[in-house]
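Residue numbers (the UniProt record's numbering): 1 to 140.
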């Protein structure tokens, strides 16, 4: 039984190693990196300090919640060249920053969202809210 457990552990670590290495094989096409796993205490300056050792940074930004102003746990780092971004990706992926393990991946282009559709005037109130017409519904 102990041997089966050891075999399972060995297999899972082999599979994990196999798939984690595939994540870093792809080549970058843009100097912008997506950083995930950031601590809530990480700010733009800490991100800049951590990534500036790999080359000239164009921008380092932690994405924050609009209402609370707290970090959402991810950010973006942009270098001047793709080579610098690749060095940073290899050097910082899986490293600790502010006590949290961070993951560095290529940034994907922002998807274009269609503009919001206007509601018919009969459904919207003068304040722009849509009212619920199910008055007295009790859920049965």
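Glycine residues also receive a C-beta, built at the ideal position from the N, C-alpha and C atoms.
Expected contact under 8 Å - CB spacing of residue i and residue j to nearest Å
{"i": "residue 47", "j": "residue 77", "result": "7 Å"}
{"i": "residue 86", "j": "residue 28", "result": "5 Å"}
{"i": "residue 107", "j": "residue 33", "result": "6 Å"}
Neighbour-count burial assignment, residue i, 16 or more Cβ in a 10 Å radius
{"i": "residue 68", "result": "exposed"}
{"i": "residue 109", "result": "exposed"}
{"i": "residue 96", "result": "exposed"}
{"i": "residue 99", "result": "exposed"}
{"i": "residue 40", "result": "exposed"}
{"i": "residue 112", "result": "exposed"}
{"i": "residue 31", "result": "buried"}
{"i": "residue 89", "result": "buried"}
Candidates the options, of which the one nearest residue i by Cα
{"i": "residue 51", "options": "40, 102, 63, 41", "result": "102"}
{"i": "residue 44", "options": "53, 30, 75", "result": "75"}
{"i": "residue 70", "options": "117, 104, 114, 42", "result": "42"}
{"i": "residue 92", "options": "30, 31, 35", "result": "35"}
Under 7 Å between C-beta atoms of residue i and residue j
{"i": "residue 84", "j": "residue 55", "result": "yes"}
Runs of beta strand (DSSP E) wholly within the stretch 21-75 (minimum 3 residues, chain order) | 32-36, 57-64
At what residue ranges does the stretch 82-111 contain a whole run of the alpha helix (DSSP H), taking only runs of 4 or more?
-> 82-92
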